[in-house]
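Residues in the sequence shown are numbered consecutively from 75, following our numbering.
The C-beta atom is built at its ideal place from N, Cα and C for all residues, glycine as well.
Structure first, commentary second.
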Amino acid sequence: MAFLYASVGHGGASGYLAVLAIFSVAPAVMKQTALLLNLGVSLMSFIAFYRQGFFKWRLFWPFALASIPAAFVGARIPLSDATYKQILGFCLFIAVLRMISILRETASKPLPLWAGLSSGGAIGLLSGMIGIGGGIILSPILLLFRWASLKEAAAVSALFIFVNSVSGLAGLKTWIPLDQSSLVYWLIASLIGGFLGARWGAGIASNTKVKWILALVLVIASVKLWFV
Numbered sequence: 075m076a077f078l079y080a081s082v083g084h085g086g087a088s089g090y091l092a093v094l095a096i097f098s099v100a101p102a103v104m105k106q107t108a109l110l111l112n113l114g115v116s117l118m119s120f121i122a123f124y125r126q127g128f129f130k131w132r133l134f135w136p137f138a139l140a141s142i143p144a145a146f147v148g149a150r151i152p153l154s155d156a157t158y159k160q161i162l163g164f165c166l167f168i169a170v171l172r173m174i175s176i177l178r179e180t181a182s183k184p185l186p187l188w189a190g191l192s193s194g195g196a197i198g199l200l201s202g203m204i205g206i207g208g209g210i211i212l213s214p215i216l217l218l219f220r221w222a223s224l225k226e227a228a229a230v231s232a233l234f235i236f237v238n239s240v241s242g243l244a245g246l247k248t249w250i251p252l253d254q255s256s257l258v259y260w261l262i263a264s265l266i267g268g269f270l271g272a273r274w275g276a277g278i279a280s281n282t283k284v285k286w287i288l289a290l291v292l293v294i295a296s297v298k299l300w301f302v
């Protein structure tokens with residue numbers, strides 16, 4: 075999961091949540107664990123895409139400005155596990171249908187400030203509520219409205235995920251003690267996969283490959299959220 079998600083600028087929270095759900099991990103532990111794993115993977119992904127020159131501050135700050143406080147608030151709002159999975163899975167599936175209809179990359183358009191702030195706030199609130207960084211929602215938005223290229227979207231989403239994950243963790247009402255032995259293995263696996271995926275996605279993979287991998291990631295996440 076970490077390799078696949080990091081290659082397109084994501085932290086992998088939706089994938090981690092799906093895997094943890096398979097093993098009947100408690101929802102509160104799932105949310106907390108996914109946000110923790112998100113931190114390392116999204117940071118490595120951001121660094122990889124940043125070094126290749128794909129990060130655009132003008133695309134990042136409007137979304138982040140509104141999303142950071144919203145993620146903190148969202149983490150304090152209770153939401154049933156079944157409800158958030160179905161809503162997020164549906165949104166991701168719609169994003170996939172729109173994305174695969176874009177056969178080639180077109181020129182980017184300027185990001186309206188109001189759109190960045192409003193979208194960032196909504197994504198941040200949802201991210202905090204369900205325990206993800208929000209990049210899996212931000213990336214399709216950036217591409218569908220042609221505000222960024224594929225790899226620019228990956229770079230912006232990676233840092234967006236990191237700051238939202240930090241805010242979401244800070245906003246948790248309760249901190250559940252985790253099984254340290256299991257967490258260490260999960261962290262090691264995610265960091266190795268994230269490092270390799272980020273290097274491949276930022277410096278080796280073509281835009282076409284990144285596009286189809288992103289679509290595949292969204293399909294996997296939506297299917298797992300609906301049926302796991």
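In this structure, A149 lies near L246, with their beta-carbon atoms less than 7 Å apart.
The residues L109, in chain order, have a CB closer than 6 Å to that of L243 in the same chain once the five nearest residues on each side in sequence are set aside.
Here DSSP, grouped into helix, strand and coil, assigns A263 to helix.
Taking C-beta separations shorter than 6 Å and ignoring five residues to either side along the sequence, the partners of A122 in its chain run A272, R273, A276, following chain order. Non-local C-beta neighbours of G190 in its own chain, meaning closer than 6 Å and more than five positions away in sequence, comprise P136, F137, ordered along the chain. Per DSSP, I211 is one residue of the alpha helix (DSSP H) stretching across 209-218.
Around H84, the same chain offers G209, I210 as residues with beta carbons nearer than 6 Å, after the five sequence neighbours per side are excluded. Linking S182 to A227 through their CA atoms gives a straight-line distance of about 11 Å.
For W300, the secondary structure class from DSSP, reduced to helix, strand or coil, is helix. G194 is positioned such that its CB atom lies no closer than 7 Å to that of S116. With a 10 Å radius around the Cβ and a threshold of 16 neighbouring Cβ atoms, G127 comes out exposed.
The beta carbon of F134 is closer than 7 Å to those of V230, L233, F234 in its chain, skipping five residues each way along the sequence.
The residue from L257, A196, I278, L270 with its alpha-carbon nearest to that of A140 is A196. Remark: C-beta atoms of A145 and G86 do not approach each other more closely than 7 Å. In the three-state reduction of the DSSP assignment, L78 falls in the helix class. Taking all protein chains shown into account, Y259 has fewer than 16 neighbouring C-beta atoms within 10 Å of its C-beta and is therefore exposed.
By the Cβ neighbour-count rule, P214 is buried, with 16 or more other Cβ atoms within 10 Å of its own.
Counting C-beta atoms within 10 angstroms of its own C-beta, T157 has fewer than 16 neighbours from the protein chains shown and is therefore classed as exposed. In this structure, the alpha-carbon of V237 lies about 7 Å from that of I142. Going by DSSP, W221 is part of no alpha helix (DSSP H) at all; its letter is neither H nor E. Straight across, the Cα-Cα distance linking I287 with L212 is about 16 Å.
In the three-state reduction of the DSSP assignment, S201 falls in the helix class. The C-beta distance from M75 to V93 rounds to 7 Å, short enough to meet the 8 Å contact threshold.
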